[in-house]
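**Student:**
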Amino acid sequence: MASVPAEPLAAPRSLFGGRGRAGPAVGGALATAYLSLIVLIPLAAVVAESTHGGASGFWSAVTGAQAFAAMRFTVLVSLIVVAINVVTGTLIGWVLVRDEFPGKRFINALIDLPFALPTIVAGLVLLALYGPNGPAPFDIGFTRAAVALALLFVTLPFVVRSVQPVLMELDREMEEAASSLGARPRTIFARIVLPNLVPAIAAGAGLAFARALGEFGSVVLISGNIPFKTEVASVFLYGQIESDNQAGAAAVSVVLLVLSFVLLLFVSWISTRGQRRAG
Amino acid sequence: MNRTIPTATSLLVLALAVGLSACGGSGNSSGGGSTKLSLVAYSTPKEAYDAIIPAFEKTPAGKGVTFTQSYGASGDQAKSVLAGLPTDVVALSLEPDVTKLVKASLVAPTWQDATSTKGIVTHSVVVIAVRKGNPKHIKTWADLVKPGIQVLTPNPFTSGGARWNIMAAYGAQIEDGKTEAQANAYLQDLFKHVVVQDKAARDSLQSFASGKGDALISYENEAIAAQQAGQKIDYVIPDETIRIDNPIAATTAANAKAKAFVQYAVSTPAQKIFAAKGYRSVIPSLVDKTRFPDPPKEFDISKFGGWDAVMKKFFDPTSSVMQRVEKSLGVSTG
């Protein structure tokens with residue numbers, strides 16, 4: 000059953016000349032070289048930089064009170080944002096796939112705009128709307144809630160866009176069968192739809208979390224950057240870099256990188272497990 | 000399907016090749032007697048340079064000179080130059096950013112001898128910006144730490160320029176006869192009133208404009224620029240405040256035209272443009288005393304032994320006066 004469209008239907012065995020033996024090797028080498036240039040070498044450089052101060056330097060950089068407070072706040076707010084995204088993103092995805100309403104295409108196109116808008120502009124707009132002088136009846140400018148709001152804005156597309164294609168491919172006959180057997184809509188959702196969506200939701204949530212951990216542009220203005228209160232890790236890092244403490248900044252980034260990586264591995268594990276069950 | 004992919008790959012390779020050769024070709028386009036100078040500056044004086052550069056190009060020394068300009072946060076600009084951004088003239092917000100370039104031999108150690116103003120192109124002073132009409136009656140440094148007053152100043156670790164603000168607040172206490180310990184205590188007190196620590200001076204103005212806070216520690220030229228842009232703010236020049244010195248320097252790689260531009264920037268025509276944009280001129284006779292009154296107790300960075308000493312004592316990210324002030328914010332709030 001092809002309920003998860005992760006595998007293209009007729010995947011060529013190798014992109015680079017499927018006939019010759021060298022094909023797969025060339026493809027692999029190219030992919031590795033590209034990944035190295037774009038991702039691996041820069042990340043390795045960050046890790047190398049973080050060791051400049053030695054083990055003790057690394058330790059004191061990441062356990063410094065201000066660094067720790069910034070990281071703790073960033074991780075917590077990212078988790079909250081991801082939790083909200085999981086619910087609202089799935090709902091939005093559902094509505095966009097299953098419901099028909101005027102302006103649906105327009106709304107559908109709107110979802111990706113947070114990716115397109117320069118994040119610093121997003122921060123400015125949110126501040127203008129929900130800040131002290133904004134037209135909104137509340138003022139959350141320069142608070143932790145403002146940080147969450149900015150992160151919600153920039154991470155919105157992840158879960159929606161992961162869930163949408165899976166929902167579109169989902170075999171409606173399963174639900175109809177369950178319905179004809181007397182299952183209630185709630186049961187159908189919980190027992191049939193949701194299990195199929197879990198890998199996609201997890202993938203979207205993982206990306207959203209990683210993005211939230213590293214987000215800078217949209218939060219730097221609206222957070223107020225008060226140490227121990229609203230200062231996020233990326234802004235703390237920026238301060239260390241501007242004060243010529245590159246090694247300290249790199250050390251904190253390494254911790255964030257490891258956190259993201261562990262989470263993305265976990266997500267990937269959930270996805271493959273989910274796919275095996277669904278497939 | 001298998002046929003189209005090699006085509007796409009070769010197209011990609013072709014595109015890369017064309018892109019690379021285009022990069023190679025555009026590197027040195029200074030033929031035909033014209034000179035291209037690269038100005039790397041902090042963001043505030045952009046409007047002034049937008050007027051100064053065309054004026055320079057009309058002078059005999061500036062004949063045939065064209066400019067590429069780059070603006071950004073002073074510290075970031077210094078980093079870009081260190082990382083290899085081709086640069087002929089740097090105009091930064093404070094001396095330590097030039098010192099970084101001197102250490103890398105990108106600027107001559109004697110750069111301060113290049114002009115009669117010791118390498119300084121503009122002055123300003125640290126001021127306290129307030130809401131129009133000054134509803135909270137903020138006039139002195141002491142007024143900033145009164146109960147309920149909310150203050151904005153950029154984070155001194157992310158913003159090089161914010162270090163002027165800190166040294167103004169600290170120096171004012173010393174000017175008033177306080178001890179160093181009392182002045183440190185004032186900074187701690189002040190930062191309990193700081194409700195937003197933006198990453199840069201411009202961001203702070205933005206936050207202040209958004210309605211946050213009663214007072215914004217800023218530079219006189221920034222406050223004037225904000226007023227010129229129509230923002231409803233007033234500003235107070237405290238009796239005790241620091242004189243801000245913004246440096247300019249030609250790099251060691253620069254040619255005679257770059258040095259001529261540095262000279263032009265401190266000459267009367269350019270200084271008049273700076274004055275119009277809110278800066279205090281480095282030529283004393285050009286400073287309009289009604290618009291730019293002398294603070295009775297003005298001091299400069301030499302009061303604290305110069306920037307090298309100040310950076311170490313106040314702004315070291317791992318152990319310094321301001322590091323302890325920031326840390327104390329965590330202690331008081333849990």
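So the protein sequences, as listed, match chains A and B.
Sequential numbering of the first sequence, starting at 0, is according to numbering that gives the first Met the number 0.
Sequential numbering of the second sequence, starting at 0, is according to numbering that gives the first Met the number 0.
Even for Gly, the Cβ is constructed at its ideal location relative to N, Cα and C.
Every value quoted in this text rests on a predicted model; they were computed, and no experiment measured them.
Along the chain, where does the beta strand (DSSP E) containing B:L215 start, and where does it finish?
**Tutor:** Taking the second sequence and counting its residues from 1, one reaches residue 215 of chain B at position 216. Element bounds for B:L215: 214-218.
**Student:** Of all the residues that make up the stretch 225-251 of chain A, which are near chain B by a beta-carbon distance shorter than 7 Å?
**Tutor:** Taking 7 Å as the Cβ-Cβ cut-off against chain B, the residues of the stretch 225-251 of chain A that qualify are I225, P226, F227, K228, V234, Y237, G238, Q239, E241, S242, N244, G247.
**Student:** When you compare only the Cα positions, how much space is there between B:Y169 and A:L196?
**Tutor:** Here residue 169 of chain B is taken as the residue at index 170 of the second sequence, counted from 1. Here residue 196 of chain A is taken as the residue at index 197 of the first sequence, counted from 1. So the two alpha carbons sit approximately 59 Å from each other.
**Student:** Measure the Cβ-Cβ separation of B:V125 and B:Y218 and say whether it is below 8 Å.
**Tutor:** Within the second sequence, residue 125 of chain B is the residue found at index 126, counting from 1. Within the second sequence, residue 218 of chain B is the residue found at index 219, counting from 1. Yes.
**Student:** In the DSSP assignment, find the beta strand (DSSP E) that holds B:P246 and state where it starts and stops.
**Tutor:** Locating residue 246 of chain B in the second sequence gives position 247, where the first residue counts as 1. Start and end: 239-249.
**Student:** Which residues, taken in chain order from the stretch 38-71 of chain A, show a beta carbon closer than 7 Å to some beta carbon of chain B?
**Tutor:** Per Cβ criterion, the list reads A64, Q65, A68.
**Student:** Tell me, which residues are paired with B:H122 by DSSP?
**Tutor:** Locating residue 122 of chain B in the second sequence gives position 123, where the first residue counts as 1. For B:H122, which the question treats as bridged, DSSP gives the partners B:D244, B:R279.
**Student:** Is the CB of B:T6 under 8 Å away from at least one CB in chain A?
**Tutor:** By 1-based counting over the second sequence, the position of residue 6 of chain B is 7. Because B:T6 carries a pLDDT of 48, less than 50, the predicted location of this residue cannot be relied on, and no value is offered for it.
**Student:** Kindly list, in the order they appear in chain B, the residues whose Cβ is closer than 8 Å to that of A:F141.
**Tutor:** Counting from one through the first sequence, the residue named residue 141 of chain A turns up at place 142. The contacting residues are V194, V195, S206, K211.
**Student:** My understanding is that B:N154 touches A:G238, with C-beta atoms under 8 Å, so please give their C-beta distance in whole angstroms.
**Tutor:** Your numbering for residue 154 of chain B matches position 155 in the second sequence. Your numbering for residue 238 of chain A matches position 239 in the first sequence. Rounded, the Cβ-Cβ distance is 6 Å, consistent with contact.
**Student:** Which residues share a DSSP beta bridge with B:T67?
**Tutor:** Residue numbering aside, residue 67 of chain B sits at position 68 when the second sequence is read from its first letter. Partner(s): B:S37.
**Student:** Could you tell me how far apart the beta carbons of B:K258 and B:A113 are, in whole angstroms, since I believe they sit closer than 8 Å?
**Tutor:** As a first step, residue 258 of chain B must be located in the second sequence, where it is residue number 259. As a first step, residue 113 of chain B must be located in the second sequence, where it is residue number 114. That belief holds up - the Cβ atoms of B:K258 and B:A113 are roughly 7 Å apart, short of 8 Å.
**Student:** Apart from the five residues just before and just after A:N224, which ones in its own chain have a Cβ nearer than 7 Å to its Cβ?
**Tutor:** The residue you call residue 224 of chain A lines up with position 225 of the first sequence. Hits under 7 Å: E230, V234.
**Student:** Closer than 8 Å is the cut-off here; do at least three beta carbon pairs connect the stretch 178-193 of chain B with the stretch 208-216 of chain A?
**Tutor:** Output reads no: the stretch 208-216 of chain A does not touch the stretch 178-193 of chain B.
**Student:** Using a Cβ-Cβ cutoff of less than 8 Å, which residues in the same chain neighbour B:T3 once the five nearest sequence positions on both sides are dropped?
**Tutor:** In the second sequence, counting from the first residue as 1, residue 3 of chain B sits at position 4. Residue placement at B:T3 cannot be trusted, given a pLDDT of 43 that sits under 50; the coordinates are not used to answer.
**Student:** In chain order, what residues of the same chain have a beta carbon less than 8 Å from the beta carbon of B:G333, not counting five sequence neighbours either side?
**Tutor:** Within the second sequence, numbered from 1, the residue matching residue 333 of chain B stands at position 334. Summary for B:G333: the model assigns pLDDT 36, below 50, so the residue's position carries little reliability; its value from the coordinates is reported in the next sentence. Nothing listed; no residue qualifies.
**Student:** Mark B:E221 as exposed unless 16 or more other C-beta atoms lie within 10 angstroms of its C-beta, in which case mark it buried.
**Tutor:** Stepping through the second sequence from its first residue, residue 221 of chain B is reached at position 222. It is buried - the Cβ of B:E221 has at least 16 other Cβ atoms within 10 Å.
**Student:** Pull up the DSSP beta-bridge partners for B:I127, would you.
**Tutor:** Here the question's residue 127 of chain B lines up with position 128 in the second sequence. For B:I127, which the question treats as bridged, DSSP gives the partners B:I216, B:V235.
**Student:** With DSSP as the reference, label A:G207 as helix, strand or coil.
**Tutor:** What you label residue 207 of chain A is simply residue 208 of the first sequence in a count that begins at 1. With the sequence shown as reference, residue 207 of chain A is identified as Ala, and Gly is not the correct amino acid for it. Here A:A207 sits in helix by DSSP.
**Student:** Given B:K302, which residues of its chain have a CB within under 7 Å of its CB, disregarding the five upstream and five downstream residues?
**Tutor:** For the purposes of this step, residue 302 of chain B is taken as the residue at position 303 of the second sequence. For B:K302, where only same-chain residues beyond five positions count, the Cβ hits under 7 Å are G170.
**Student:** Within 10 angstroms of its Cβ, does B:S276 collect 16 or more other Cβ (buried), or is it exposed?
**Tutor:** Taking the second sequence and counting its residues from 1, the one referred to as residue 276 of chain B is at position 277. The sequence given here has Lys at residue 276 of chain B, not Ser. Classification of B:K276: buried, given that the 10 Å Cβ count is 16 or more.
**Student:** Is the Cβ of B:E219 closer than 8 Å to any Cβ of chain A?
**Tutor:** As a position in the second sequence, residue 219 of chain B is number 220, starting the count at 1. Chain A contact via Cβ: absent.
**Student:** State buried or exposed for A:F72, treating a residue as buried only when at least 16 other CB atoms are found within 10 Å of its CB.
**Tutor:** Translated into positions along the first sequence, residue 72 of chain A becomes position 73. Buried is the call here.
**Student:** Run through the DSSP bridge pairs and tell me what B:K296 is partnered with.
**Tutor:** As a first step, residue 296 of chain B must be located in the second sequence, where it is residue number 297. Answer by DSSP bridge pairing, in chain order: B:E239.
**Student:** Under a CB-based cut-off of 8 Å, is A:A127 close to chain B?
**Tutor:** Numbered from 1 along the first sequence, position 128 holds the residue referred to as residue 127 of chain A. Closer than 8 Å to some Cβ of chain B, the Cβ of A:A127 qualifies, so yes.
**Student:** Under three-state DSSP, which class holds B:A90?
**Tutor:** Within the second sequence, the letter at position 91 stands for residue 90 of chain B. Three-state DSSP puts B:A90 in a strand.
**Student:** Of all Cβ atoms in chain A, is any one closer than 8 Å to the Cβ of B:D202?
**Tutor:** As a working mapping, residue 202 of chain B is identified with position 203 in the second sequence. Chain A contact via Cβ: present.
**Student:** What residues from chain A crowd round B:N183, counting only those whose CB sits closer than 8 Å?
**Tutor:** For this step, residue 183 of chain B is matched to residue 184 along the second sequence. Neighbours of B:N183 on chain A: none; closest Cβ ~17 Å, over 8 Å.
**Student:** What do you get for B:N164, buried or exposed, if any count of 16 or more other CB atoms within 10 angstroms of its CB means buried?
**Tutor:** The residue labelled residue 164 of chain B in the question sits at position 165 within the second sequence. Its Cβ being crowded by 16 or more others within 10 Å, B:N164 is buried.
**Student:** Does the beta carbon of B:G74 sit closer than 8 Å to a beta carbon anywhere in chain A?
**Tutor:** Residue numbering aside, residue 74 of chain B sits at position 75 when the second sequence is read from its first letter. B:G74 counts as touching chain A.
**Student:** Classify B:A72: buried if its beta carbon has 16 or more other beta carbons within 10 angstroms, exposed otherwise.
**Tutor:** The residue labelled residue 72 of chain B in the question sits at position 73 within the second sequence. Buried, because 16 or more other Cβ atoms sit within 10 Å of the Cβ of B:A72.
**Student:** Return the chain-ordered list of same chain residues with a C-beta closer than 7 Å to the C-beta of A:V159, the five sequence neighbours on each side being excluded.
**Tutor:** The sequence position of residue 159 of chain A within the first sequence is 160, counting from 1. The residues are G88, I91, G92, I110.
**Student:** Going by DSSP, what residues sit across from B:V193 in a beta bridge?
**Tutor:** Sequence index remark: in the second sequence, residue 193 of chain B carries index 194 (1-based). In DSSP, B:V193 forms a bridge with B:V150.
**Student:** With DSSP as the reference, label A:T271 as helix, strand or coil.
**Tutor:** The count along the first sequence starts at 1 and reaches residue 271 of chain A at position 272. It is helical.
**Student:** What are the uninterrupted segments assigned as alpha helix (DSSP H) that are 4 or more residues long and contained completely in the stretch 30-99 of chain A, given in chain order?
**Tutor:** Counting only runs of 4 or more, we get 40-49, 53-62, 64-97.
**Student:** Determine whether the beta carbon atoms of B:D188 and B:V144 lie at a separation below 8 Å.
**Tutor:** The residue labelled residue 188 of chain B in the question sits at position 189 within the second sequence. The residue labelled residue 144 of chain B in the question sits at position 145 within the second sequence. Yes. Within cutoff.
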